[in-house]
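Trainee:
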Amino acid sequence: MWRLARLSPWRFASKLFAFPSVAIISQGIFPRIFGHEASGIVEGVGEGVTEFQQGDHVLRLFTGECKKCKHCTSGKSNICLVLGLERQGLMHSDKQTRFSIKGKPIFHYCAVSSFSKYTMVHSGCAVKVNSIAP
Numbered sequence: 176m177w178r179l180a181r182l183s184p185w186r187f188a189s190k191l192f193a194f195p196s197v198a199i200i201s202q203g204i205f206p207r208i209f210g211h212e213a214s215g216i217v218e219g220v221g222e223g224v225t226e227f228q229q230g231d232h233v234l235r236l237f238t239g240e241c242k243k244c245k246h247c248t249s250g251k252s253n254i255c256l257v258l259g260l261e262r263q264g265l266m267h268s269d270k271q272t273r274f275s276i277k278g279k280p281i282f283h284y285c286a287v288s289s290f291s292k293y294t295m296v297h298s299g300c301a302v303k304v305n306s307i308a309p
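So the sequence shown is numbered by this note's numbering: it starts at 176 and just counts up by one.
1) Since VAL287 sits in a beta bridge, which residues does DSSP pair it with?
2) Can you tell me which of THR238, THR248, ASP231 and LYS279 puts its alpha carbon nearest to the alpha carbon of LEU260?
3) So what's HIS246 in DSSP terms, helix, strand or just coil?
4) Going by C-alpha distance, which of LEU236, HIS297, LYS270 and LYS277 is nearest THR225?
5) Going by the DSSP bridge assignment, what does VAL217 pair with across the sheet?
6) Count the other CB atoms within 10 Å of the CB of GLU240; is the residue buried (16 or more) or exposed (fewer)?
7) With 16 as the cutoff for other CB atoms within 10 Å, does VAL304 come out buried or exposed?
8) Considering only DSSP beta bridges, list what VAL141 is partnered with.
9) By how many angstroms is the C-alpha of GLU218 removed from the C-alpha of ILE208?
10) Using a Cβ-Cβ cut-off of 7 Å (strictly less than) and excluding sequence neighbours within five positions of VAL302, which residues of its own chain qualify?
11) Taking buried to mean at least 16 other C-beta atoms within 10 Å of its own C-beta, is ALA308 buried or exposed?
12) My understanding is that GLY299 touches LEU265, with C-beta atoms under 8 Å, so please give their C-beta distance in whole angstroms.
13) Taking the continuous beta strand (DSSP E) assigned at PHE227, which residues delimit it?
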């Protein structure tokens, strides 16, 4: 259970961390579905996705790997130029949101939005794990 306490007009804290929320407020990207790390089971895959199939167990990541940019191929960095931290509330691939209510967009958080029962992530932002992992 998260317990948030108001610290100032621009800061909130939980038992685990404190973070400035001014960047989110100034961008006006609400409503959104929060959550930046999670595990799950693949329900379906999109066109061209070959590394995952229905039923795979995965971890969803907020900084992915395209495996093609200079950082991904360098062997020295995990800061992908294509699938790095997404801050606009949209999918990496087409800069659109996959969530809506009554035709109005609901924005992603870090391209993961793990606080929802179902979500959609770019295949480069998921890692297959052994299905017997707890």
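We treat Cβ as the ideally placed atom computed from N, Cα and C, and that holds for glycine.
Mentor: Looking at the atomic coordinates:
1) Your numbering for residue 287 matches position 112 in the sequence shown. None; VAL287 has no bridge partner.
2) As a first step, residue 260 is located in the sequence shown; it is residue number 85 there, counting from the start. Minimum Cα distance to LEU260 is reached at THR238.
3) Counting from one through the sequence shown, the residue named residue 246 turns up at place 71. Residue state, collapsed to three classes: helix.
4) Start at 1 with the first residue of the sequence shown, and residue 225 comes out as number 50. Nearest of LEU236, HIS297, LYS270 and LYS277 to THR225, Cα basis: HIS297.
5) Working through the sequence shown from its first residue, we reach residue 217 at position 42. By DSSP's assignment, VAL217 forms no beta bridge with any residue.
6) Against the sequence shown, residue 240 aligns to sequence position 65. With 16 or more other Cβ atoms from the protein chains shown falling within 10 Å of its own Cβ, GLU240 counts as buried.
7) Within the sequence shown, the letter at position 129 stands for residue 304. Here VAL304 is exposed. Its C-beta has fewer than 16 other C-beta atoms within 10 Å.
8) Residue 141 lies beyond the residue range present for the chain, which begins at 176 and ends at 309; the question has no answer from this structure.
9) Your numbering for residue 208 matches position 33 in the sequence shown. Your numbering for residue 218 matches position 43 in the sequence shown. The alpha-carbon separation between ILE208 and GLU218 amounts to approximately 19 Å.
10) By 1-based counting over the sequence shown, the position of residue 302 is 127. Annotation for VAL302: VAL233, LEU234 and LEU236 place their beta carbon closer than 7 Å to its own, counting only its chain and skipping 5 residues before and after.
11) Position 133 of the sequence shown, counted from the first residue, corresponds to residue 308. Flag for ALA308 reads exposed.
12) The sequence position of residue 299 within the sequence shown is 124, counting from 1. The sequence position of residue 265 within the sequence shown is 90, counting from 1. Their Cβ separation, rounded to whole angstroms, is 15 Å, which puts GLY299 and LEU265 out of contact at 8 Å.
13) Here residue 227 is taken as the residue at index 52 of the sequence shown, counted from 1. The continuous stretches of beta strand (DSSP E) do not include PHE227, and DSSP gives it neither H nor E.
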